[in-house]
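Numbered by this note's numbering, the letters in the sequence shown go through residues -12 to 434 in order. Just so you know, even glycine gets a beta-carbon here, dropped at the ideal spot from N, CA and C. Nothing here was measured: the structure is a model prediction, and the numbers come from that model. Since the structure comes first, as structure tokens, the remarks are kept for the end.
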Amino acid sequence: PPPPPPPLPGGKGAPPPPPGPPVPTGPQLRALHWKKFAAAKDGTVWRALPPVASFDETELKSLFTIRPAARKPSMAAATPAAPTVNAKGARALLDLKRSNQIQIAISKFRGRDMRAAVLALDEAVVKLEDIPRLRECAPTPEEMDMLQPFSEASELQALKLAPAEEFLFQMSSVPQLMPRLGCFLSKLNFPGRLQDAEAQLTAINAAVGCVRSSSQLPKLLALVLQLGNFLNAGTARAGAAGFGSDVLLKLSETKSTVSDDHPSQISLLHYVARAVVAGTPDAHKSLRHELRPLEEAAALSSAGVSEELDGLQSELETLKRELNLDAYTAVPGDRFIQVMGPWRAEAAKQVDGLRAKVAQMLGGLEGLYEFFAEPFDPADAEGLLTRINAFTVSFCKACRDNERAEHMRKKQIEAKAAAAKRAQAGAKPAKPVPKRPAGGGGQFMPT
-12 PPPPPPPLPG
-2 GKGAPPPPPG
8 PPVPTGPQLR
18 ALHWKKFAAA
28 KDGTVWRALP
38 PVASFDETEL
48 KSLFTIRPAA
58 RKPSMAAATP
68 AAPTVNAKGA
78 RALLDLKRSN
88 QIQIAISKFR
98 GRDMRAAVLA
108 LDEAVVKLED
118 IPRLRECAPT
128 PEEMDMLQPF
138 SEASELQALK
148 LAPAEEFLFQ
158 MSSVPQLMPR
168 LGCFLSKLNF
178 PGRLQDAEAQ
188 LTAINAAVGC
198 VRSSSQLPKL
208 LALVLQLGNF
218 LNAGTARAGA
228 AGFGSDVLLK
238 LSETKSTVSD
248 DHPSQISLLH
258 YVARAVVAGT
268 PDAHKSLRHE
278 LRPLEEAAAL
288 SSAGVSEELD
298 GLQSELETLK
308 RELNLDAYTA
318 VPGDRFIQVM
328 GPWRAEAAKQ
338 VDGLRAKVAQ
348 MLGGLEGLYE
358 FFAEPFDPAD
368 AEGLLTRINA
378 FTVSFCKACR
388 DNERAEHMRK
398 KQIEAKAAAA
408 KRAQAGAKPA
418 KPVPKRPAGG
428 GGQFMPT
């Protein structure tokens, strides 16, 4: 006969249901939320786990027992963690150091609506010196997350924030705050940077011009060439028609030979100075006057001007990307596009003009190298100017050294002459002393 049908679940004769998970007793522990594997599959790490050492269940429970939460007002769920209330009843969320930093900065902004001014990029309110302070006090991402509930929860919007927190809360609603401040800083310091770069270009161009137009410098070069050919006579270096400018810096290292006739050394540079002054007493003064622009440009660098130009161009490219963002049209009163768009167009023209002037300056420096028959090195574009200026300074110093030496020589001659005169005066016969007459008269009688 067929087997009887299985009993209905829960019916008479049915097997008991499988045991369920044990019902926890005692305090509730924190759960570890994971994806559970029901079985340990062959070939997995779970299949061959090593034995587990025993642990203290009592300690584990004491560590991970969920404590009943104290009853709080309904708004506590949205309130940032552990806010404090200051003496005026305002919510303080920041640590003391950060709060003090912001309050010191906003004390400089007293009486000014900085949020509205930053949105409108109002130069009458936001000054150049304000930008670094604003950037230091810009809310960090963590601070923005902390303040976010105060803009979303209606029950928190009525709470009063402490001054530093209120400033951060206001500035957190300004779109693209840090990029905005960076672009605005570029706008505010652009005129000064452009003017400084153009002043450096003008100074370098003037230095090139004064070297090319100097009348005293060629005379010096001709004398050095003549002396050099004389000293190099009989060698492969003789018969030169010119020389590299680097030798001008070696004239002071070429020393005379000490002899009985010339017991003290003199450098070739001092010899050149003496020979020039012998023919033109004020030659060093004329040379220094002619090359004064060269002295003023000695500390400048064409590479520095080019780097500044690249920096300005990079900032304009950053601004161009910012102008294409929709974030600057999301908040009423935001005039970023209206202010920065036209300014960028004008600034780009000025940067292009500066670039043309830089190219002209480099062309002038390269032409000066050609003028001195030397190869141009773009990495050391103003090297020739530097060498000529160093030679000019050394030459003028050598002239002054010679003047002092000549003055001392004359003093020594005068001192020797005076000493000889005194010696000659001491060699004359002594004047006779008058004798008293015999008999005691009251008058001396000459002998």
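Assuming residue i contacts residue j under a Cβ cut-off of 8 Å, what Cβ separation, rounded to an integer in Å, is found between them?
i    : j    : result
E282 : N376 : 6 Å
M131 : S86  : Rounded, the Cβ-Cβ distance is 16 Å, inconsistent with contact.
L188 : V338 : Contact flag wrong, Cβ pair sits at about 13 Å.
L341 : L181 : 7 Å
G229 : L212 : 7 Å
R331 : L236 : With a Cβ gap of about 47 Å, R331 and L236 do not count as contacting.
Q90  : P150 : 6 Å
G298 : L310 : At roughly 19 Å, the Cβ-Cβ gap does not stay under 8 Å, so G298 and L310 are not in contact.
Using three-state DSSP, classify residue i as helix, strand or coil.
i    : result
K95  : coil
K242 : strand
S232 : helix
H20  : Low confidence applies to H20: its pLDDT is 45, below 50, so where it sits in the model is not reliable enough to give any reading.
A284 : coil
S254 : strand
L278 : coil
Q411 : helix
G298 : helix
N389 : helix
V113 : coil
D132 : helix
P435 : Given a span of -12 to 434 for the chain in the structure shown, any question on residue 435 remains unanswerable.
L212 : helix
P126 : coil
A223 : coil
L121 : helix
T267 : coil
D367 : helix
E185 : helix
H394 : helix
P205 : helix
N192 : helix
G340 : helix
L312 : coil
Q163 : coil
V318 : coil
Who pairs with residue i in a beta bridge, going by DSSP?
i    : result
L355 : BP columns for L355 are empty, so no partner.
Judging by CA-CA distance, which residue of the options is the nearest neighbour of residue i?
i    : options                   : result
L121 : L106, V259, L134 and E129 : L106
V245 : L238, K237 and S254       : S254
I118 : K84, T241 and K174        : K174
G266 : S381, A314 and L210       : L210
A260 : G169, Q411 and T379       : T379
Q88  : S200, V112 and A125       : A125
S200 : E309, R409, T373 and H276 : H276
E240 : R409, S381, L274 and L81  : S381
E357 : I91, L83 and G231         : G231
V161 : K397, S251, L108 and A335 : L108
F137 : K84, T127, L80 and N176   : L80
L238 : A404, A225, K336 and G215 : G215
S251 : A405, I93 and R396        : R396
S293 : A407, E393 and M348       : M348
V263 : K147, R409 and L208       : L208
Segment contact, 8 Å Cβ cut-off, at least three pairs: the segment 385 to 401 with the segment 201 to 212
Flag = no, the segment 385 to 401 and the segment 201 to 212 do not touch.
Given 8 Å, three or more beta-carbon pairs between the segment 389 to 402 and the segment 273 to 287
Verdict: no, contact absent.
Take every Cβ of the segment 99 to 110, pair it with every Cβ of the segment 148 to 162, and state whether three or more of those distances are shorter than 8 Å.
Verdict: yes, contact present.
Examine the Cβ distances between the segment 357 to 371 and the segment 284 to 292 and report whether three or more of them are shorter than 8 Å.
Segments in contact, yes.
Would you check if there are 3 or more beta carbon pairs closer than 8 Å linking the segment 346 to 358 to the segment 183 to 200?
With the cut-off at 8 Å, the segment 346 to 358 and the segment 183 to 200 touch.
Any contact between the segment 304 to 322 and the segment 159 to 170? By contact I mean 3 or more CB pairs, one from each, below 8 Å.
Enough Cβ pairs lie closer than 8 Å, so yes.
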